[in-house]
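Going down the list, the sequences are from chains C and D.
At position 261 of the first sequence (counting the first as 1) the number is 260 in numbering that gives the first Met the number 0, and the numbers step up by one without a gap.
At position 171 of the second sequence (counting the first as 1) the number is 170 in numbering that gives the first Met the number 0, and the numbers step up by one without a gap.
For glycine and all other residues, C-beta sits at the position ideal for the given N, C-alpha and C.
First up is the structure itself, then whatever we jot down about it.
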Amino acid sequence: MEPFTYSRAADPAQAIAAGAAASTAQQGAEVRFVAGGTTLIDLMKLDVETPTRVIDINNLPLAKVERMPDGSLEIGALVRNSDLANNVNVRRDYTVLSEALLSGASAQLRNMATTGGNLLQRTRCIYFRDIDTPCNKREPGSGCSAIDGFNRNLAVLGTSDHCIASNPSDMNVALTALEATIVIRGTHGERKVPIGEFFLLPGDTPNRETVMLPGDLITHVLLPPPHRRARSHYLKLRDRASYEFALSSAAVVLASEGDAISHARVALGGVSTRPWRSQEAEAALLGKPATRATFAAAAEAAMRDAKPQSQNGFKIELAKRCLTSALAAAAA
Amino acid sequence: MTSNKITRRDMLTVAAAGTGALVGGSFSTEAASAAAAATTGPGLMDISLRVNGTEHRLSLDPRTTLLDALREHLHLTGTKKGCDHGQCGACTVHVGGRRVNSCLTLAAVAQGVDIRTIEGLGDPDHLHPMQQAFLEHDGYQCGYCTSGQIMSAVAMMKEPWGASDLDIKEAMSGNICRCGAYKNILAAIRQVQAA
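Here it is in structure tokens:
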């Protein structure tokens with residue numbers, strides 16, 4: 000681990016001022032905020048992250064979950080994954096989020112990991128994590144070792160010729176299906192970013208993963224009021240039953256009126272370079288009867304543009320079956 | 000532990016001190032200046048940790064994890080280092096009453112919160128019920144993961160889990176046992192749950 004200076008931020012303004020001194024908030028940032036540390040400390044031990052300043056933000060007053068007057072839910076950036084998963088509002092109104100959180104990592108890690116930190120969780124691509132190999136995400140222009148390398152766990156959607164790294168988060172997939180908004184405070188005040196615009200596709204700059212700028216501090220995540228009558232579900236498929244990253248996952252929100260599906264939100268995880276909203280699948284569901292055939296057609300639509308690599312072609316069929324089953328469970 | 004017994008750790012400590020004395024004989028000047036740097040160097044910071052009810056003041060490199068602070072600086076070696084990347088659970092301790100991986104926690108971040116390690120759970124004459132249950136059910140083979148397993152199991156009791164075997168397995172999945180003592184660990188936890 001490279002040396003750094005440590006300090007605690009007394010308030011958000013202090014953290015923002017410290018962060019603003021960095022040249023980037025993306026890969027290579029000289030200043031990092033630490034909350035749970037589950038991603039950051041891990042990557043610092045591997046010398047993938049080498050900040051010279053680490054700002055401890057755990058004392059900031061951002062650890063509450065509050066129902067707002069309009070029925071939306073405001074989640075503080077420092078709310079721990081375990082607390083969010085077991086929050087009474089989340090369990091009742093946003094089942095898919097509770098299920099996604101509880102399917103991720105271990106009980107210990109969920110006690111540490113925060114809502115804001117999980118939004119910024121980094122890929123598990125082994126080449127990103129190994130500084131002795133080329134990786135465009137870690138070292139722009141150095142090449143991608145995963146294309147034609149070990150890519151069994153990596154993405155089939157949203158890839159580019161420069162990067163095929165998959166986003167490993169479960170929480171972000173549920174937040175995408177729930178159409179969450181990310182509240183960011185920075186040097187120019189506060190802005191609200193829809194989650195669909197928060198994550199960037201790799202393109203030819205895979206080192207840039209989000210819209211975060213130097214000094215930006217995620218303060219909250221907003222969930223819109225829960226859809227009446229809708230049921231939601233998160234299904235995660237992986238190599239072992241627990242404590243493992245997704246090979247494929249699906250977050251779905253579904254409501255029917257009469258015999259027809261009236262509301263559908265679909266997001267996929269484990270198969271894409273960013274949490275993957277599938278409006279193609281949603282279009283295939285709307286107005287159709289909630290049957291296995293409809294769900295299978297939606298899954299076909301979701302994976303139509305998938306591009307397999309040398310080892311991960313199986314994920315295309317796995318993702319289809321995952322989404323079909325998740326929809327069937329939500330409709331049951 | 001009775002006082003007339005010599006433990007494996009005592010032997011290791013004596014052996015290490017012996018080696019140090021030999022080396023120190025020929026490099027005493029360097030050793031002295033290194034010791035001075037260790038207490039006054041610009042790369043160090045004052046850190047207070049409240050472990051098992053006792054406040055400790057340490058001068059540490061900011062890079063020091065809670066795990067290394069406990070083992071290398073406070074000599075509380077019951078907490079083990081396995082993978083050092085949050086993947087095995089051997090380093091599990093309680094921070095603020097919750098189980099965490101001490102290998103991914105900076106010591107500096109853990110200041111001002113109560114930290115509890117296996118040494119604060121029970122002692123040889125007064126075992127914690129979970130320690131007793133692990134003994135009775137043979138919930139280990141080599142023992143390396145055991146303190147992490149026990150700390151995790153104790154914390155699990157206060158978390159909102161169901162009571163089925165599947166719930167316990169899921170709740171304990173963050174603690175890997177390469178000897179494969181899972182069946183007996185499950186039995187130990189079930190015994191404490193039933194009590």
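Residue-chain proximity (residue i, chain D), Cβ-Cβ < 9 Å
i                      : result
residue 217 of chain C : no
residue 304 of chain C : no
residue 40 of chain C  : yes
residue 108 of chain C : yes
residue 117 of chain C : no
residue 231 of chain C : no
residue 211 of chain C : no
residue 35 of chain C  : yes
residue 44 of chain C  : yes
residue 81 of chain C  : yes
residue 0 of chain C   : yes
residue 313 of chain C : no
residue 327 of chain C : no
residue 300 of chain C : no
DSSP state of residue i mapped onto helix, strand, coil
i                      : result
residue 197 of chain C : helix
residue 44 of chain D  : strand
residue 236 of chain C : strand
residue 72 of chain D  : helix
residue 85 of chain C  : coil
residue 242 of chain C : coil
residue 44 of chain C  : helix
residue 5 of chain C   : strand
residue 119 of chain D : helix
residue 97 of chain D  : strand
residue 188 of chain C : strand
residue 78 of chain C  : coil
residue 95 of chain C  : helix
residue 259 of chain C : strand
residue 166 of chain D : helix
residue 149 of chain C : coil
residue 105 of chain C : coil
residue 67 of chain D  : helix
residue 58 of chain D  : strand
residue 149 of chain D : helix
Exposed unless 16 or more other CB atoms sit within 10 angstroms - verdict on residue i
i                      : result
residue 130 of chain C : exposed
residue 29 of chain D  : Bear in mind that a pLDDT of 43 at residue 29 of chain D, under 50, signals an unreliable position, so the model cannot answer this.
residue 143 of chain C : buried
residue 40 of chain D  : In this prediction, residue 40 of chain D has a pLDDT of 41, which is less than 50 and means its spatial position is unreliable; nothing more can be read from the coordinates.
residue 53 of chain D  : exposed
residue 22 of chain C  : exposed
residue 111 of chain C : buried
residue 326 of chain C : buried
residue 194 of chain D : exposed
residue 184 of chain C : buried
Interface flag, residue i vs chain C, CB-CB below 9 Å
i                      : result
residue 189 of chain D : no
residue 88 of chain D  : yes
residue 171 of chain D : yes
residue 36 of chain D  : The pLDDT assigned to residue 36 of chain D is 35, lower than 50, so where the model puts this residue is not dependable; a value taken from the coordinates is nonetheless given after this. Taking Cβ atoms only, chain C never reaches closer than 9 Å to residue 36 of chain D, which makes this a no.
residue 161 of chain D : no
residue 129 of chain D : no
residue 168 of chain D : yes
residue 194 of chain D : no
residue 154 of chain D : yes
Beta-carbon spacing of residue i, residue j below 9 Å
i                      : j                      : result
residue 47 of chain D  : residue 241 of chain C : no
residue 38 of chain C  : residue 1 of chain C   : no
residue 156 of chain C : residue 306 of chain C : yes
residue 5 of chain C   : residue 107 of chain D : yes
residue 281 of chain C : residue 265 of chain C : yes
residue 89 of chain D  : residue 138 of chain D : no
residue 309 of chain C : residue 147 of chain C : yes
residue 176 of chain C : residue 95 of chain C  : yes
residue 300 of chain C : residue 283 of chain C : yes
residue 214 of chain C : residue 16 of chain C  : yes
residue 56 of chain C  : residue 34 of chain C  : yes
residue 222 of chain C : residue 208 of chain C : no
residue 140 of chain D : residue 187 of chain D : no
residue 94 of chain D  : residue 65 of chain D  : yes
residue 220 of chain C : residue 59 of chain C  : no
When Cβ atoms are compared, which residues of the segment 97 to 122 of chain D fall closer than 7 Å to chain C? In summary, the residues of the segment 97 to 122 of chain D whose CB is separated from some CB of chain C by less than 7 Å are 97, 98, 99, 100, 103, 104, 105, 107 and 108, in the order they occur in the chain.
Tell me which residues of the segment 2 to 14 of chain C have at least one Cβ-Cβ distance to chain D shorter than 7 Å, keeping chain order. 2, 3, 4 and 5
Using a beta-carbon distance cut-off of less than 8 Å, what residues from the segment 153 to 176 of chain C approach chain D? Residues of the segment 153 to 176 of chain C with a C-beta less than 8 Å from any C-beta of chain D: none at all.
What residues from the segment 58 to 90 of chain D come within 8 Å of chain C, judged by C-beta to C-beta, listed N to C? 60, 61, 62, 64, 83, 84, 85 and 88
Closer than 7 Å, Cβ to Cβ, to anything on chain D: give me those residues from the segment 242 to 272 of chain C, in chain order. 242
Mind checking the segment 83 to 113 of chain C against chain D and listing, in chain order, the residues whose C-beta falls within less than 7 Å of any C-beta there? 85, 105, 106, 107, 108, 110 and 111
Interfacial residues, the segment 51 to 62 of chain C to chain D, with Cβ spacing under 8 Å: 53, 55 and 57
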